[in-house]
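Chains as they are written, first to last, in the UniProt record's numbering: chain V, 1 to 378; chain U, 1 to 124. Where is the CB? At the ideal position from N, CA and C, for every residue including glycine.
Now the structure itself:
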């Protein structure tokens, strides 16, 4: 077997030394040195998150403010780029949406929060993927009207606490956050210092994402890491957790060649937006919503034990019908799980598929997503 | 019993004309949790450096290469139900394949324990 230890010039998050101290195995990811796992290993970290609470450094992700004179103006500016309902966001609400190309392909997926405080009227807080920060920011800036501007936030870390015990842990440090419902956010005090907390995440579990000034990031991390319910969790388990939860990974399950409808993200397109459009790729997306897309992202369960990785060919009766875009071992499922695109005739759960794994035909079937029920607090 | 190591982190332990093959403890640590192992059929002949199996961690699949040429005489069936044995005891119960060596002279091209140890130290 081959072992790759190559490391080049990489950025570090403000919590880098915490990862080293905790035995983090650092790997390159989107230009950053990030922990793929800590001493416990991916399986243990995954299971711990599902049964207790996992602590994730996601400071590599892009945080940015979109700034305009009032909510209607700023929301309208963003709605020209995304199909999500932004104008109708309540103060303190967070929404998942996608930046789209003129052809309706996905430039990135992102979270958009309308701040709760009246003083922040006209601002939207964005969180984008690390690997797409530069592309996203250039794209947004090039398409903003006068009076609305983008301000990337470089002086804050981002930490996620995820799992069924996340709430009771947060209650000890930030009681207001424990009262949040899924996809809402507030400014709050965590052990006395100011943070921005949202009830959201990328694991399928209940949990929080906490944006914190750099100066307080280590305190926040230490305060959570020391709690008996909490263990640090690396990118390896973050990937298996999101895969079991049926969540897309940019550059794998979605990219500029896939539309939100093909990606089974039509739920994130606002009702008013479907009727009125006004976002890039509207013609294509309206057609796909009406007639169904030619292919769609589905869950896939191999019947045997062999994992089917990204790029695996999918066929039915000897004819190619699609490809796996994410796949591996699901620790909570206890077997292999995958997602991929298949032609429209083959999207129904239970449909029998054949996966070509190292040249061998492996039986599989279309499975409902998520593979593990979501634990969101609605 | 002679044990030798490859630069691809396989070990082979030879008893008579049969060599037992697995991945090293260093390799299992690098891989992390092993979740699937694919083994060749008994009776298959492999040349030195041929693929002789696949080991999959949570993150990725890696090929296992035959350290020397030979015929597969036994595979570790227990790994199908308990792939984590590779993590727990890589250089013992976590073996993959037994080969009947066709050219014992090929062992001379491999590293002994001391040479492999310093090879790994050079990688870290």
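- Here the alpha carbons of residue 57 of chain V and residue 191 of chain V stand approximately 19 Å from one another.
- Non-local beta-carbon contacts of residue 74 of chain U in its own chain, meaning distances under 7 Å to residues more than five positions away in sequence, involve 42 and 98 in chain order.
- Interface criterion not met: the Cβ of residue 49 of chain V is under 8 Å from no Cβ in chain U.
- Closest option to residue 106 of chain V, judged by alpha-carbon separation, among V:249, V:220 and V:77: V:249.
- For residue 311 of chain V, the closest alpha carbon among the candidates V:328, V:45, V:222 and V:98 is that of V:328.
- Flagged as an interface residue toward chain U: residue 43 of chain V, by a C-beta distance shorter than 8 Å.
- At a beta-carbon threshold of 8 Å, the residues of chain U lying near residue 236 of chain V are 32, 58 and 59, ordered along the chain.
- The Cβ-Cβ distance between residue 206 of chain V and residue 167 of chain V falls below 8 Å.
- Take residue 240 of chain V, set aside five residues on each side of it, and the residues of its chain with a beta-carbon closer than 8 Å to its own are 42, 46, 328, 329, 330 and 331, in chain order.
- The DSSP-derived three-state label of residue 191 of chain V is coil.
- Counting every other CB atom within 10 Å of its CB across the protein chains shown gives residue 141 of chain V a total below 16, marking it as exposed.
- Neighbours of residue 307 of chain V in chain U, taken as residues at a C-beta separation under 8 Å, are given in chain order as 35, 36, 56 and 61.
- Taking 8 Å as the cut-off, the Cβ atoms of residue 263 of chain V and residue 254 of chain V count as close.
- When 7 Å is used as the limit between beta carbons, residue 29 of chain V is near no residue of chain U, the shortest such separation being about 12 Å.
- Distance from the CA atom of residue 200 of chain V to the CA atom of residue 338 of chain V, rounded to whole angstroms, is 23 Å.
- Within chain U, not a single residue places a beta-carbon under 8 Å from that of residue 203 of chain V; the smallest gap is close to 15 Å.
- Scanning V:164, V:170 and V:198 for the CA closest to the CA of residue 126 of chain V turns up V:198.
- The criterion of a C-beta distance shorter than 8 Å is not satisfied by residue 204 of chain V and residue 237 of chain V.
- When Cβ-Cβ separations below 8 Å define contact, residue 194 of chain V makes no contact with chain U.
- The C-alpha of residue 211 of chain V lies about 5 Å from the C-alpha of residue 196 of chain V.
- An exposed status is given to residue 124 of chain U, since fewer than 16 other beta-carbon atoms sit within 10 Å of its beta-carbon.
- Contact note: residue 329 of chain V reaches chain U through 35, 36, 56 and 58, using a C-beta cutoff of 8 Å and chain order.
- Within the same chain, 10 come within 6 Å of residue 28 of chain V by CB-CB distance, once the 5 residues on both sides are set aside.
- When rounded, the separation of the alpha-carbon atoms in residue 72 of chain V and residue 87 of chain V is 6 Å.
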